[in-house]
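A short write-up of the structure that comes next.
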Amino acid sequence: MAEALTARESIKAADAHAPAAHIEHDTNTGISNTKLGMWLFLASECLLFGGLITTYLLYKRPLEGPTPKEIFDIPFTSTSSFVLLMSSLTMVLAVSAIERGDHERLRIWIGATALLGATFIAGQIYEFTVFVREGLGFTTSRFSSAFYTLTGFHGVHVTIGIIMLMSLVLLSLRGKLPEHRSETVEIVGLYWHFVDVVWIFIFAVVYLVP
Amino acid sequence: MALTEAGPLALTSGDSDTVYKPAGVFTRPKSGATGWKSWLTTVDHKKIGIMYGAAALFFFIIGGVEALLIRVQLWAPRGTLLSADQYNQVFTMHGTTMIFLVVMPIGAAFANYLMPLQIGARDVAYPRINAFSFWAFLFGGVFLNSSWLLGGGADGGWFNYAPNNGVIFSPTHGIDFWNLGLIITGVASLAGAVNLIVTVLNMRAPGMTLMKMPIFTWMTLVTQFLLLFAIPVLTAAQILLMMDRLFDANFFNVAKGANPLLWEHLFWIFGHPEVYLMILPAFGIVSEILPTFARKPIFGYPFIVFSGIAIGFMGWGVWAHHMFVSGIGPISVTTFALTTMFIAVPTGVKILNWTATMWGGKLSFTSPMLFSIGLVTMFTIGGLSGVTHSVAPADTQQTDTYYIVAHFHYVLFGGAFFGFMAGFYFYWPKVFGYLLNEKLGKANFWLMLLGFNLTFAPMHILGLQGMSRRIYTYDAGYGFELWNKVATIGAFTLASSIALFIFNIFYSKSKAKNLPAPGADPWDARTIEWMIPSPTPEYNFDPIPTVSRVDDFWYRKYGETKDGKLVRIAATDDVVQKLSDGKHIHLPSPSYWPIVLAFGMPIAAYGLIFNLWLALVGAIIIVGGLYGWVLEPPDDPEASHDDDGTDTHASGGGDAAVTGTSESADQSNELDPAKEAETVG
Chain A
1 MAEALTARES IKAADAHAPA AHIEHDTNTG ISNTKLGMWL FLASECLLFG GLITTYLLYK
61 RPLEGPTPKE IFDIPFTSTS SFVLLMSSLT MVLAVSAIER GDHERLRIWI GATALLGATF
121 IAGQIYEFTV FVREGLGFTT SRFSSAFYTL TGFHGVHVTI GIIMLMSLVL LSLRGKLPEH
181 RSETVEIVGL YWHFVDVVWI FIFAVVYLVP
Chain B
1 MALTEAGPLA LTSGDSDTVY KPAGVFTRPK SGATGWKSWL TTVDHKKIGI MYGAAALFFF
61 IIGGVEALLI RVQLWAPRGT LLSADQYNQV FTMHGTTMIF LVVMPIGAAF ANYLMPLQIG
121 ARDVAYPRIN AFSFWAFLFG GVFLNSSWLL GGGADGGWFN YAPNNGVIFS PTHGIDFWNL
181 GLIITGVASL AGAVNLIVTV LNMRAPGMTL MKMPIFTWMT LVTQFLLLFA IPVLTAAQIL
241 LMMDRLFDAN FFNVAKGANP LLWEHLFWIF GHPEVYLMIL PAFGIVSEIL PTFARKPIFG
301 YPFIVFSGIA IGFMGWGVWA HHMFVSGIGP ISVTTFALTT MFIAVPTGVK ILNWTATMWG
361 GKLSFTSPML FSIGLVTMFT IGGLSGVTHS VAPADTQQTD TYYIVAHFHY VLFGGAFFGF
421 MAGFYFYWPK VFGYLLNEKL GKANFWLMLL GFNLTFAPMH ILGLQGMSRR IYTYDAGYGF
481 ELWNKVATIG AFTLASSIAL FIFNIFYSKS KAKNLPAPGA DPWDARTIEW MIPSPTPEYN
541 FDPIPTVSRV DDFWYRKYGE TKDGKLVRIA ATDDVVQKLS DGKHIHLPSP SYWPIVLAFG
601 MPIAAYGLIF NLWLALVGAI IIVGGLYGWV LEPPDDPEAS HDDDGTDTHA SGGGDAAVTG
661 TSESADQSNE LDPAKEAETV G
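What follows is the structure, given as structure tokens:
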């Protein structure tokens, strides 16, 4: 009992010295709330894409209309995939730039990332147009619905990423992206890399697996 | 989307951070505001928790009326109150409302209110996203129920199997409302899950390691992880259904070779974790109440925790036991039968722990305790009938009969809802500052227990006799008459017990003026949320306590002698915190943007159903709301105070304080556009 009493006193002393002010200076895990939240969100996104990829695998052989083999232009899509993957490199360079405090380079590399992403999206739009012209409409077959939904959904993710990158450039131009907020760039980068990694899976499953 | 960027980006405030009008639309709501405005703009986890609870009770009444309609229709053979079509809508909306708009949000209400208090946090990790979660849930629920006025509700059952959910078989917009409404509430749940997980992992009081957290916090953590991974699977399925119904895709179109089983699999991969994420918060609540009124620590704390985690993992491997009659083949049936038997083990561990907690304790049978014991017993009955479903040959007979209805009401009403009632009675003084009347509370319990068993126990018999669920009537002569009458009488008894509860709320409030205030710790409770004044002050703790063990508050009051006898070492009044003015404590500032952003979602959903131009309006509100949100600092600079050097928001230097506060603004920058993809993309 005596031990319990002394323990209580030390607790009281500790309470008195605990910081009272802010919500989020230090975190228990050492990872900032924002970054941890992003990781969790991306984990959740895995399941969303997982559902759509599974659906595609189930429906990849159409009963009517053009088949994947007839319609895919592998060299073209490989090139646009390469462009998207290169954007991960420029994203890393952007993060490295803001950590050095080099705001000029930051804007250049983020701009390059957005440009590469936009090139990929342009390629996707071109590809879709060609497919539709060759007779693969959204409602043509079970394959067409699954294909357009999966790749289109990924395209929407890339587009949102581009909007976020452009917003970062604008923030940086207005001087609202100082070094100590470099984590913002890093977290947008996390999203961007995730979208790229998902594309590797989609590209393999949709275009390469026979 | 690109079109709308320009508007909200044009900050009127330019580079100056001191006079801030977000996007020139609103002046920022003031922190100290009162009245209805303070509720619309609040980011306080406690107010949001209360709103979750109130909204859920409102939907509970709607869902309850639907249940009574069903029971009146089935009172006698050839009932004529509802047509077959109306009956389909009523039972579908009853199930959907009770699951998505009642049980899940009540769980969210407790998680929001209690979890930050149990871990000694000021608020959740992202207060504005928390507000957004609530408004999105509320608007999604209202959107879903607005289908009654706009052509009729969904009519495919709460799981809306394909191809019955296609336009051919369900040509009204009911299922579109169901689909889009649940996508909206899904976004709300997902945002909430990210928020609460980060809060638990990152914002615990000093000394509170994971294995010193209260059980309710643990169960909240497991629940939110289940939500994080289950919701996107449902969202994926619903996106497919939306493409089918609104844009003529072929995901469930059998004529083009689609496989309707895809929906069933996706739905139940979501649906079974969903079952556990509905029950685990209630498990957490009774794990707080039973030790309090047994005056003993919970028996086997690590077992309770790890069985909860085990349920969280194993819940992913049992989904196909909902599909034993769908022709998935003998190997799948055997596998899922076995996993279903296994998952009964961690649940059984919990029942054992609760029983052992009460064993040998000095039990006091208060209303929260009665409801908790109600959960332990009624859930055990439901759990046992659940194990019978793992016997696949028997389940083949029971599928789509009232036996199933009896089973899931025993686990969801007898389990989850009894746990929530226990939580209402237990935490009412902490939340509202007055105790609910004990006599009425006990009457409430016995009436509810009686009504509940009268309603659902006969359904076991009806099911085994072969009465199908989801059929709007039955013929005389099958032996169904008696038990249906009993169930209908039970349903009205149950409804009167709910009425008694609502009466108790107002009655106790009116009597509370003449009674002494309940104080911080009316139940002689164990966890740290009881050491702060009741009702909880806005700032929660002052100072933040340092936690040294499980049930920390209890051991500030009691010690043990060498032979294990309980000895009081301090008076409760000396241990609890006094009400302070809280002036030096920095709290997140309120904001209009969460409600604006959430409001855009039902608009976009109405647009998808009726007119795509309206969807564009919704999208503009969403995107505008996002930019307004992102460009608004999470803390109002004008509300900052200068009494504390570390609290200034001047943008010089990279010190931790400045980085810390600016982070949550950026975070919405990334999270929300992506979320929006699921809503309108």
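Each protein sequence line maps, in turn, to chains A and B. Mapping to the UniProt record's numbering: the first sequence position 46 is 46, numbers consecutive. Mapping to the UniProt record's numbering: the second sequence position 180 is 180, numbers consecutive. We treat Cβ as the ideally placed atom computed from N, Cα and C, and that holds for glycine. Remember, predicted model here, so these are calculated numbers, not experimental data.
Close-in-space but distant-in-sequence residues of the same chain around B:Lys509 (CB under 8 angstroms, 5 per side omitted): Phe432, Tyr434
Let me check understanding here. Comparing Cα to Cα, which of A:Ser78, A:Met166, A:Val95 lies closest to A:Phe201? A:Ser78
So B:Phe336 packs on B:Met314, CB below 8 angstroms; how close in whole Å? About 12 angstroms separates the CB atoms of B:Phe336 and B:Met314; that is not less than 8 angstroms, and the two are not in contact.
Alpha-carbon spacing of A:Val130 relative to B:Asn195, whole angstroms: 43 angstroms
For a test of the three-state rule: what should DSSP assign to A:Thr67, helix, strand or coil? A:Thr67 falls in the coil class under three-state DSSP.
Roughly how many angstroms lie between the CA atoms of B:Ile70 and B:Thr488, to the nearest whole one? 9 angstroms
Just list the alpha helix (DSSP H) runs in the segment 179-260 of chain B, keeping only unbroken ones of 4 residues or longer that don't cross its boundaries, in chain order. 215-247
Helix, strand or coil at A:Val206 according to DSSP, with G and I counted as helix: helix
Measuring CB to CB, does A:Thr90 end up less than 8 angstroms from A:Ala146? no
Could you check where the beta strand (DSSP E) with residue 213 of chain A kicks off and where it finishes? In the structure displayed, chain A extends from 1 to 210; residue 213 of chain A sits before or after that span and is not available.
So who's on the other strand from B:Arg28, going by DSSP bridges? The partner list for B:Arg28 (beta bridge, DSSP) is empty, contrary to what the question assumes.
B:Tyr558 lies in the beta strand (DSSP E); which residues open and close that run? 558-560
Complete alpha helix (DSSP H) runs within the segment 505-573 of chain B (minimum length 4 residues, chain order): Restricting attention to alpha helix (DSSP H) runs no shorter than 4 residues, the segment 505-573 of chain B encloses them at 552-557, ordered along the chain.
Would A:Phe41 pass as an interface residue toward chain B - the criterion being a Cβ-Cβ separation below 8 angstroms? yes
Establish whether the CB of B:Met243 and some CB of chain A are separated by less than 8 angstroms. yes
Among B:Thr347, B:Leu464, B:Ala512, which one has its Cα closest to the Cα of B:Tyr478? B:Leu464
Distance, A:Pro178 Cα to A:Gly101 Cα: 8 angstroms
Are the CB atoms of A:Met38 and A:Tyr191 nearer to each other than 8 angstroms? For A:Met38 and A:Tyr191, yes; Cβs fall inside 8 angstroms.
Nonlocal neighbours in the same chain, by C-beta distance under 7 angstroms from B:Gly361, ignoring five residues either side: Ala294, Arg295, Lys296
I'd like to know whether the C-beta atoms of B:Pro232 and A:Leu47 end up nearer to each other than 8 angstroms. yes
B:Ala76 beta carbon less than 8 angstroms from that of B:Glu481: yes
Report the option in A:Tyr59, A:Leu173, A:Ala122, A:Leu136 whose CA atom is closest to the CA atom of A:Ile162. A:Ala122
Look at the alpha carbon of B:Ala656 and the alpha carbon of B:Ile129, and state the distance between them as a whole number of angstroms. Because the pLDDT at B:Ala656 is just 34, under 50, the model does not fix this residue reliably, and the value given afterwards should be weighed accordingly. Rounded to whole angstroms, B:Ala656 to B:Ile129 spans 22 angstroms at the Cα level.
From B:Leu626 to B:Asn112, what does the alpha carbon distance come to, in whole angstroms? 23 angstroms
Just checking: is the beta-carbon of A:Thr113 within a distance shorter than 8 angstroms of some beta-carbon in chain B? no
Given a threshold of 16 other Cβ atoms within 10 Å of its Cβ, counted over all protein chains shown, does B:Ile331 qualify as buried or as exposed? exposed
With distances taken from CA atoms, which of B:Leu74, B:Gly49, B:Asp155 is nearest B:Ala109? B:Gly49
Is there a Cβ of chain B sitting closer than 8 angstroms to that of A:Glu45, yes or no? Answer yes: the Cβ-Cβ gap between A:Glu45 and chain B drops below 8 angstroms somewhere.
For A:Thr151, does the three-state DSSP call read helix, strand or coil? Helix, per DSSP.
By the three-class DSSP mapping on this structure, what secondary structure does A:Phe34 have? The residue asked about is misnamed: residue 34 of chain A is Thr in this sequence, not Phe. Looking at A:Thr34 - three-state DSSP - the assignment turns out to be helix.
Within the continuous alpha helix (DSSP H) that includes B:Met104, where are the two ends? 104-118
Which residue's Cα is closest to the Cα of B:Gly600: B:Phe506, B:His584, B:Pro590, B:Ile620? The residue from B:Phe506, B:His584, B:Pro590, B:Ile620 with its alpha-carbon nearest to that of B:Gly600 is B:Ile620.
Chain-ordered neighbours of A:Ser96 on chain B, where CB pairs are closer than 9 angstroms: Chain B residues near A:Ser96: none, gap ~17 angstroms exceeds 9 angstroms.
B:Thr401 by DSSP, collapsed to three states: which one? strand
Inspect the beta-carbon positions of B:Leu266 and B:Ala310 and report whether they are closer than 8 angstroms. no
Interface residues of chain A around B:Arg28 at Cβ under 7 angstroms? The contacting residues do not exist; B:Arg28 stays about 18 angstroms from chain A at best.
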